[in-house]
Amino acid sequence: MEDAGYFQQLNRTLKDQPRAIPSLIIDRERLDRNIETLLSTLRPDLDFRIVVKSLPSSDLLRYLMDKSGSQKLMVFHQPFLSDLSRWLDSRADILLGKPMPVKTAAYYYQNVLAERGFDPYKQVQWLIDTRERAREYLDLARSLGGTLRLNLEIDVGLHRGGFSGPEALAEVLQLISDHPQQLRLSGLMGYEPHVVKLPRILRSPDRAFQMADDRYRSCIQTIREQFPALWNEQLTFNGGGSPTLALHGSRASVLNEISAGSCLVKPTTFDTPELQDFHPAAFIATPILKKLKDTTLPGLEKVAGRLSRIKPSYRNAYFIYGGYWRADYVFPPGAKENPLFGPSTNQSMINLPPGAELEVDDFVFLRPHQSEFVFLQFGDLLVYHKGKIEERWALLSQ
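For what it's worth, full-length UniProt numbering labels the leading residue of the sequence shown as 1, then goes sequentially.
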């Protein structure tokens, strides 16, 4: 983990800023290293698709697209899709990462504003998980008078929905084939985080990976052999994700692109052996509002001094700006939310181990458990680079 000097410098930098509020910090140097690690991990035949939900900032996405050279995005939220459509140009390709209710897709088309040449018919792939949903999108295409690109979700072992195999897939492929003016097949998506999360006593990662790849391969063969008119070399065969990134770097598979996002900022959920070469690049920083002698709890006022003697970390109580985030305290080491006082989103009480003295207006630091929700709680992201806050990166519209 980071040494004390890293956070002490970051603390000094933040204390020089014009205001002190809870903030989400992006370490640009670490972000750059993580981008390089990701690109060097991928096989040369795999494209990289950026997962927007894990990196929900328009400026951060622009930066990643420029650094990685990727114009491919995966989106899970209609407001994000609408925001992206406004400022992306004709080079981008967006794949929905989960099926959208058809009324949400209709709302998107009725309200989309594409200011830089983005084509919402040619550049969006809608994820379809059932034949019934495919029929709903057929009706939508008819009402819109356009052709919708459909990417079909297949179950490669996660069992979170999608077409279970070639037979189920063939039914919706036939529907697409029968309506070429309204529907166009854009590819397949099969997500396989279970490959590394399954207990090894149930199935080894190698075996789970091979089984997922075999399932995917059989679905591709169904398109190629039974529906040759739908086949083209530009079809998207998407899968992967941060948990299985390393596996796709070292093993052949039928995929032609991998989606990833969280590994680039590495919240604590992604502290796994498979991602050991990636570095934490996102931190929550929040200032101390109050420092009180002893830890005095309601109803236990008479024993405050005794508590401090029994538990040295209770010698001081600190109240921070905000709290109760999905995150772990990382600096000072040993900082903890007081379990007796309880959590607060307004002013959390924390205690520090002996020797970890802070003062009012100093900052404490946390690592998010995940990026996709936590990032959205802090407004503009603060970009930290070489001891300075260089930029503020705006979030996507919600």
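Every residue gets a Cβ at the ideal spot worked out from N, C-alpha and C, and that includes glycine.
Checklist entry - Comparing alpha-carbon positions, which option in G379, Y384 and K386 lies nearest L396? => result As a working note, residue 396 is residue 396 in the sequence shown. Nearest of G379, Y384 and K386 to L396, Cα basis: G379.
Checklist entry - Are the beta-carbon atoms belonging to Y107 and L148 less than 9 Å from one another? => result Within the sequence shown, numbered from 1, the residue matching residue 107 stands at position 107. Within the sequence shown, numbered from 1, the residue matching residue 148 stands at position 148. Contact: no.
Next on the checklist: I'd like to know whether the C-beta atoms of R33 and H248 end up nearer to each other than 9 Å.
Outcome noted: Counting from 1 along the sequence shown, the entry for residue 33 is found at position 33. Counting from 1 along the sequence shown, the entry for residue 248 is found at position 248. No, they are not a contact pair.
Next on the checklist: Any heavy atom of the ligand PLP closer than 8 Å to the beta-carbon of G145?
Outcome noted: As far as ligands go, the structure on display features none, and thus does not contain the ligand PLP.
Item to check | For E391, the residue or residues it bridges with in DSSP | outcome: In the sequence shown, residue 391 corresponds to position 391, counting from 1. According to DSSP, which records beta bridges pairwise, E391 is partnered with V383.
Item to check | First through last residue of the beta strand (DSSP E) which encompasses E36 | outcome: For the purposes of this step, residue 36 is taken as the residue at position 36 of the sequence shown. Per DSSP, E36 belongs to no beta strand (DSSP E); it is in the alpha helix (DSSP H), R28 to T41.
Next on the checklist: Here's a check: name, in chain order, each residue in its chain whose Cβ is nearer than 8 Å to the Cβ of S82, leaving out the five neighbours to either side.
Outcome noted: Taking the first residue of the sequence shown as 1, we reach residue 82 at position 82. Around S82: Y108, N111, V112, L113 and S397.
Checklist entry - Would you call the CB atoms of L138 and M189 closer than 9 Å? => result The sequence position of residue 138 within the sequence shown is 138, counting from 1. The sequence position of residue 189 within the sequence shown is 189, counting from 1. No.
Next on the checklist: Per DSSP, what are the beta-bridge partners of K72 in this structure?
Outcome noted: Looking up residue 72 in the sequence shown gives position 72. Paired residue(s): D93.
Next on the checklist: Runs of 4 residues minimum, wholly inside the segment 160 to 186: which ones carry the alpha helix (DSSP H) assignment?
Outcome noted: 166 to 178
Item to check | Option nearest M349 by Cα separation, candidates E372, L46 and L289 | outcome: Here residue 349 refers to the residue found at position 349 when the sequence shown is read from its first residue. When each option's Cα is compared against that of M349, the closest is L289.
Next on the checklist: Give me the DSSP bridge partner(s) of G190.
Outcome noted: As a working note, residue 190 is residue 190 in the sequence shown. Per DSSP, G239.
Next on the checklist: Going by C-alpha to C-alpha distance, which of L366, A168 and F237 sits closest to P287?
Outcome noted: By one-based count along the sequence shown, residue 287 stands at place 287. Residue L366 is the option with its Cα nearest to P287.
Item to check | Residues that G322 bridges to, as DSSP identifies them | outcome: Within the sequence shown, residue 322 is the residue found at index 322, counting from 1. In DSSP, G322 forms a bridge with Q347.
Checklist entry - Nearest to A281 by alpha carbon, out of G161, L24 and K72? => result Translated into the one-based positions of the sequence shown, residue 281 becomes position 281. Residue L24 is the option with its Cα nearest to A281.
Checklist entry - With burial defined as no fewer than 16 other Cβ atoms inside 10 Å of the residue's Cβ, what is the status of R49: buried or exposed? => result Translated into positions along the sequence shown, residue 49 becomes position 49. Flag for R49 reads buried.
Checklist entry - Would you call the segment 128 to 136 and the segment 171 to 190 touching, i.e. three or more CB-CB distances under 8 Å? => result yes
Checklist entry - In the structure shown, what three-state DSSP assignment does F118 receive? => result Taking the sequence shown and counting its residues from 1, the one referred to as residue 118 is at position 118. Coil, per DSSP.
Next on the checklist: Do Q123 and I94 have their beta-carbon atoms positioned less than 9 Å apart in this structure?
Outcome noted: The residue given as residue 94 occupies position 94 in the sequence shown. The residue given as residue 123 occupies position 123 in the sequence shown. Yes, they are a contact pair.
Next on the checklist: Suppose only complete runs of 3+ residues qualify. What are the beta strand (DSSP E) ranges in the segment 227 to 298, listed by chain order?
Outcome noted: 236 to 239, 257 to 260 and 282 to 293
Checklist entry - Would you say V52 and L31 are within 9 Å of each other, going by their C-beta atoms? => result Against the sequence shown, residue 52 aligns to sequence position 52. Against the sequence shown, residue 31 aligns to sequence position 31. Their beta carbons are not under 9 Å apart, which means V52 does not touch L31 by this criterion.
Checklist entry - Closest to Q181 by CA distance: which of L144, A208 and G162 is it? => result Taking the first residue of the sequence shown as position 1, residue 181 is located at position 181. Nearest C-alpha to Q181: L144.
Item to check | Beta-carbon separation (whole angstroms), G239 vs A260, contact threshold 8 Å | outcome: Counting from 1 along the sequence shown, the entry for residue 239 is found at position 239. Counting from 1 along the sequence shown, the entry for residue 260 is found at position 260. The Cβ separation is near 11 Å, so there is no contact.
Item to check | Per-residue burial, H77 [other beta carbons within 10 Å of its own, 16 or more giving buried] | outcome: Taking the first residue of the sequence shown as 1, we reach residue 77 at position 77. Buried.
Checklist entry - Skipping 5 residues on each side, what residues in its chain have a beta carbon closer than 8 Å to that of F373? => result Position 373 of the sequence shown, counted from the start, is the residue given in the question as residue 373. Only R326 meet the Cβ criterion.
Item to check | Selected residue, minimal CA-CA separation from R135, among F270, Y191 and H179 | outcome: The residue you call residue 135 lines up with position 135 of the sequence shown. Closest by alpha carbon: H179.
Checklist entry - First and last residue of the beta strand (DSSP E) that includes A327? => result Taking the sequence shown and counting its residues from 1, one reaches residue 327 at position 327. Unbroken beta strand (DSSP E) run through A327: A327 to F331.
Next on the checklist: Please list the terminal residues of the continuous alpha helix (DSSP H) segment that includes E153.
Outcome noted: For this step, residue 153 is matched to residue 153 along the sequence shown. No alpha helix (DSSP H) contains E153, which is instead part of the beta strand (DSSP E) from L148 to E153.
Checklist entry - D214: buried (16+ other C-beta within 10 angstroms of its C-beta) or exposed? => result Your numbering for residue 214 matches position 214 in the sequence shown. Under this definition D214 is an exposed residue.
Checklist entry - Can you tell which of L255, G323, Y318 and D328 has its C-alpha closest to the C-alpha of D271? => result For this step, residue 271 is matched to residue 271 along the sequence shown. That would be D328, whose Cα lies nearest to the Cα of D271.
Checklist entry - Which residue comes first and which comes last in the alpha helix (DSSP H) that contains L81? => result Residue mapping note: residue 81 aligns to position 81 of the sequence shown, counting from 1. Segment Q78 to W87, the alpha helix (DSSP H) holding L81.
Item to check | Extent of the continuous beta strand (DSSP E) run through Q125 | outcome: For the purposes of this step, residue 125 is identified with residue 125 of the sequence shown, where counting begins at 1. Segment V124 to I128, the beta strand (DSSP E) holding Q125.
Item to check | Which residues DSSP lists as bridging P205, in chain order | outcome: Sequence index remark: in the sequence shown, residue 205 carries index 205 (1-based). DSSP, once it has assigned bridges, lists no residue as partnering P205.
Checklist entry - Roughly how many angstroms separate the alpha carbons of W87 and E115, rounded to a whole number? => result For the purposes of this step, residue 87 is taken as the residue at position 87 of the sequence shown. For the purposes of this step, residue 115 is taken as the residue at position 115 of the sequence shown. Whole-angstrom Cα-Cα distance: 6 Å.
Next on the checklist: Let me confirm a value: E357 is counted as buried when at least 16 other C-beta atoms fall within 10 Å, else exposed. Which label applies?
Outcome noted: Translated into positions along the sequence shown, residue 357 becomes position 357. With fewer than 16 other Cβ atoms within 10 Å, it is exposed.
Checklist entry - In chain order, what residues of the same chain have a beta carbon less than 6 Å from the beta carbon of N256, not counting five sequence neighbours either side? => result For this step, residue 256 is matched to residue 256 along the sequence shown. Cβ within range, chain order: F237.
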